[in-house]
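A.B. asks: Numbering (this note's numbering), first residue to last: 91 to 500. Don't be surprised by glycine CBs; every beta carbon is placed ideally from N, CA and C. Let me begin by handing over the structure; questions about it come next.
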């Protein structure tokens, strides 16, 4: 299995009465709740946590893109990836990712991702999310019914820019460029591995299968509720005639590790509740703009990441509810190991995007949980899960070897 230490970078200073006084953590949240001087400390602490994760042996460090919100303070994940590029040397840098329908022109993504891949020596995992309705349609004003079409065109441009050796003209519906000439090119050829975050669209399934990308379900309602959606994905894989490598799939999971189950509740429950009650306080009207989901997905009755029922339900969940229903995997190393095995078998996913920093959790607790998982849980899972796919490398980075580095320096 591959483990990405994934960071949302939430704002940890929302007031206790935030939910009562404000209708949403996203789109129209007052910027007066943000303090730039506190933000300076927050960013550096979060980057320190990511660098610590590499020292603990995680396979990748994950960042992502969101706008106009306190849920995740990364309007530019490429900036965070660049900051990590020079201060890490082994872990993949996973930008999960750039919402390519928002870039004008999208060649900017090809250029910046290529820069990151070169700086890291071929350690970039590139993510191309369509983007949440909150970000794409409300914060950035994209027409919902056109978002996926713009996304497909942007993807075509980026792939050609990486692949073509000569300048070419691109005449799309949304982007027209007389000279497309991507300098630099990525080290990983023909491209870095591509991971596609999805929230429940049939088109995303098919897109991943068409190009052999990894499908990543990012949800906070836990692996038990994700089974229906991931079962649908694996059925789609089977019908396509592709093999069922577990590395075609990934899942995001909140994880809290302590010495005992009781200690896990004592240490982490307040911060988990902060996350579910404040960071996920999204106005339902922003979560699913009309036209954002396609007719085909609606007809299939696919579960979205943020349904109105889920948004209403989050504040009512106790710690026991969150743990028992799989929203959070928490407890002693043995408890967490057992639940992680169940997750991997239930969803058949080889990639885990592990969320150890949750809500307003302070750095010392984040490191404590991370280290316990890295030392007492992760090695067992790596050794025991999916042994028949142990040599699978189609969906992972191909960094430069030391001899290549030496030759390049001569």
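1) Spell out a yes or no on whether the segment 176-194 and the segment 345-362 are touching, meaning 3 or more CB-CB pairs, one atom from each, closer than 8 Å.
2) Should residue 225 go down as buried or exposed, given a rule of 16 or more other Cβ atoms within 10 Å for buried?
3) How many Å lie between residue 253 and residue 213 at the Cα?
4) In whole angstroms, what separates the C-alpha of residue 84 from that of residue 241?
5) Check residue 447 in the structure and name its three-state DSSP category.
6) Any idea if residue 136 is buried or exposed, counting beta-carbon neighbours within 10 angstroms, 16 or more meaning buried?
7) For residue 144, which residues of its own chain have a beta-carbon under 7 Å away from its beta-carbon, when the five flanking residues on both sides are left out?
8) Would you check if the distance between the CB atom of residue 132 and the CB atom of residue 372 is smaller than 9 Å?
9) Going by beta carbon distance, what residues of the same chain come within less than 6 Å of residue 434, once the five residues before and after it are set aside?
10) Spatial neighbours of residue 386 within its chain, please: CB distance less than 8 Å, with the 5 preceding and 5 following residues excluded, ordered by chain position.
11) Under three-state DSSP, which class holds residue 497?
12) Please go through the same chain and pick out, in chain order, the residues whose beta-carbon is closer than 6 Å to the beta-carbon of residue 168, but skip the five residues on each side of it.
13) Tell me which residues share the same chain as residue 146 and place their Cβ nearer than 7 Å to its Cβ, disregarding the 5 neighbours each side in the sequence.
14) Terminal residues of the continuous alpha helix (DSSP H) containing residue 203?
15) Express the C-alpha separation of residue 428 and residue 326 in angstroms, rounding to a whole number.
16) Near residue 303, which residues of its chain fall below 6 Å by C-beta distance, leaving aside the five closest residues on each side in sequence?
17) Can the beta-carbon of residue 117 be found less than 9 Å from the beta-carbon of residue 365?
18) Nearest by alpha-carbon distance to residue 278: which of 472, 91, 484 and 164 is it?
19) Give me the Cα-Cα distance between residue 469 and residue 423, rounded to the nearest whole angstrom.
20) Could you give the residue range of the beta strand (DSSP E) that holds residue 304?
21) Is the CB-CB distance between residue 471 and residue 343 below 9 Å?
22) Please return the same chain residues whose Cβ sits closer than 6 Å to the Cβ of residue 354, not counting the five positions on each side in sequence.
23) Exposed or buried, what is residue 498 when buried is set at 16 or more other beta-carbons lying within 10 Å of its beta-carbon?
24) State the DSSP-derived secondary structure class of residue 354, mapped to helix, strand or coil.
25) DSSP three-state call for residue 104: helix, strand or coil?
26) Hey, how far is the Cα of residue 273 from the Cα of residue 230?
27) To which residues does DSSP link residue 346 through a beta bridge?
28) Could you say which of 96, 298 and 101 lies nearest to residue 218 if we only look at CA atoms?
29) Would you list the one or two residues that DSSP bridges to residue 231?
30) Determine the closest residue to residue 409 out of 367, 128 and 289, with distance taken between C-alpha atoms.
C.D. replies: On the basis of the supplied data:
1) As far as the Cβ criterion goes, the segment 176-194 does not touch the segment 345-362, which means the pair count is below three.
2) buried
3) 18 Å
4) Since the first residue shown for the chain is 91 and the last is 500, residue 84 is missing from the structure and cannot be characterised.
5) Secondary structure of residue 447 (DSSP, three-state): coil.
6) buried
7) 151, 178, 180 and 181
8) no
9) 475
10) 292 and 293
11) helix
12) 202
13) 460, 461 and 464
14) 197-209 is the extent of the alpha helix (DSSP H) around residue 203.
15) 28 Å
16) 284 and 286
17) no
18) Looking at the Cα atoms, 484 is the closest of the given residues.
19) 12 Å
20) Run containing residue 304: 304-307, per the beta strand (DSSP E) assignment.
21) no
22) Closer than 6 Å at Cβ, skipping near neighbours: 346, 348, 420 and 421.
23) exposed
24) helix
25) coil
26) 27 Å
27) 420
28) Minimum Cα distance to residue 218 is reached at 298.
29) Partner(s): none; residue 231 has no beta bridge.
30) Looking at the Cα atoms, 367 is the closest of the given residues.
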